[in-house]
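Asks: I have a structure I would like to understand better, so I am pasting it below and will then ask my questions one at a time.
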Ligand code: 5GP
C-alpha cells in the first residue's frame, strides 16, 4: 500500500514558496531547482506541481510534461557545465533511497572519471548554487 501524499513535505513547501530555492525553470506544470546537497556540480531536481509521493501514485498525465522538462534541463546542464554526460535518477519509497516524498527526477551533469558524491551528503554553499543556477538559466535561454 502506498502512503498518502503529505503536503507538509519540503518540496511542497518549495513549490508554495514557503522556503527558498534556486529555481532554474518553471511552467504551468513543472519546476526545476538546484539540489542543496549536490551529488555533482549542477545537480538539478525537476518536479511536477501536481502532488504525488513518487511514480507509484502519480497520475500518468504528469509524466509527459515532467519528462519534457527533464530533457530540457539535461540538455541545458550538459551545455552549462560542458559535461560529458548526464545521469538521471528517480527513487520510489525509502527502500529505494527516496528521502523527500514529492515526485522528482535528479538530473546530474557527469564528467569522465568523476564519481557521484553521496546521496543527501554535504550542503553546498548558497553562492555556488546561485552561480550554477545562473549558468543553467543562461543555457536554457540560449
Ligand atoms: P530523494 O532522496 O528523495 O530522491 O532526493 C531528495 C533530494 O533533495 C536529495 O538529493 C537532497 O539533497 C535534496 N534536498 C533535501 N532537502 C532539500 C531542500 O531543502 N532544498 C533542496 N533544494 N534540495 C533538498
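In our numbering, the protein residues as written are 1039 to 1180.
Quick reminder that beta carbons are idealized off the backbone N, C-alpha and C, glycines included.
With respect to the beta strand (DSSP E) encompassing residue 1061, which residues constitute its N-terminal and C-terminal limits?
Replies: Run containing residue 1061: 1061-1064, per the beta strand (DSSP E) assignment.
Asks: Secondary structure at residue 1076, three-state DSSP: helix, strand or coil?
Replies: Residue 1076: coil per DSSP, three-state reduction.
Asks: Are the CB atoms of residue 1080 and residue 1115 within a distance shorter than 7 angstroms?
Replies: In this structure, residue 1080 lies closer than 7 angstroms to residue 1115 by Cβ.
Asks: Rounded to whole angstroms, what's the CA-CA distance from residue 1112 to residue 1159? Just pull it up for me.
Replies: Going by the C-alpha atoms only, they are around 22 angstroms apart.
Asks: With hydrogens ignored, establish whether the beta-carbon of residue 1048 is closer than 6 angstroms to any heavy atom of the ligand 5GP.
Replies: True, at least one ligand heavy atom lies under 6 angstroms from that Cβ.
Asks: When you compare the segment 1140-1154 with the segment 1076-1092, are there three or more beta-carbon pairs, one atom per stretch, that lie closer than 8 angstroms?
Replies: Contact holds: three or more Cβ-Cβ distances are below 8 angstroms.
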